[in-house]
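In our numbering, the protein residues as written are 1 to 242.
A short worksheet on the structure shown next.
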């Protein structure tokens, strides 16, 4: 209809009306673009906010996972101490042997927390979300990403080393799985305590692994505190977006 009106105005050489029609068309196009841009901006803001909320939940989950691993290591401390003392005294009592086998089982177990980072990856893939975040928060986001990757890598590498040193490459130790059930696997010693306590390699491995567990506890405790600080940063960024 508008085109027919423009054509009619051109035909009658009513240039004022033609100009007015073009102004109306341009204004309509500009308004449509503004509405489209506003809608896209609102959609991106909502997406960024929702992703930050999920990120906050993931960081909280990772913090709890760290707390559980730290507590688990702490709970086995007395058993580890008894095992090292038993080797030092060449104690061959059933309690001492049990402490040693339990300690090997604990020390060679997986202490890597079940970290999650789905929202972190989602933020990294969406530039339109990152553009809505402050430079300071993006820097904190990169730091958290780097720390998470480092903790995951270090704990995984050291766990694998502990398993190899204490079980796979240790001729004095084997894993016994009752009826093939790995979830109920137990550690078995092939040498009496009188021989094990005289083996400098066996005792040194336990002491070194005990030291590593304490170092891992310190690392996870430090990362937990960093996570708690990052949660505050997320809250501040969410408040700014809203």
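The beta carbon of each residue, even a glycine, is placed where N, CA and C say it ideally should be.
These figures come from a predicted structure and were not determined experimentally.
Buried or exposed: which applies to residue 224, given that a residue is buried once 16 or more other Cβ atoms fall within 10 Å of its Cβ? buried
For the ligand HEM, any of its heavy atoms closer than 6 Å to the Cβ of residue 160? As for the ligand HEM, it is missing from this structure, which has no ligand bound.
Residue 108: buried (16+ other C-beta within 10 angstroms of its C-beta) or exposed? buried
Coarse secondary structure for residue 187, derived from DSSP in three states: strand
Measure how close the beta-carbons of residue 100 and residue 234 come, nearest whole angstrom, since I'm counting them as under 8 Å. Contact flag wrong, Cβ pair sits at about 45 Å.
Taking 7 Å as the threshold (C-beta atoms), are residue 206 and residue 84 in contact? yes
Nearest CA to the CA of residue 211: which residue from 61, 158, 45? 158
8 Å contact criterion, which residue 254 and residue 187 should meet: CB distance rounded: Past the edges of the chain, shown from 1 to 242, lies residue 254, and the structure says nothing about it.
Host alpha helix (DSSP H) of residue 175 (start-end): From DSSP, residue 175 is part of no alpha helix (DSSP H) but of the beta strand (DSSP E) over 173-176.
Distance between residue 239 and residue 38 (C-alpha atoms, nearest Å): Its pLDDT being 49, under 50, residue 38 is placed unreliably in this model, and the value from its coordinates should be taken loosely. Cα to Cα, the separation comes out at about 20 Å.
Distance check for residue 179 and residue 231, CA to CA, integer angstroms please. 46 Å
Suppose you measure from the CA of residue 226 to the CA of residue 43; what does that come to, to the nearest Å? 31 Å
Quick check on DSSP: helix, strand or coil for residue 123? helix
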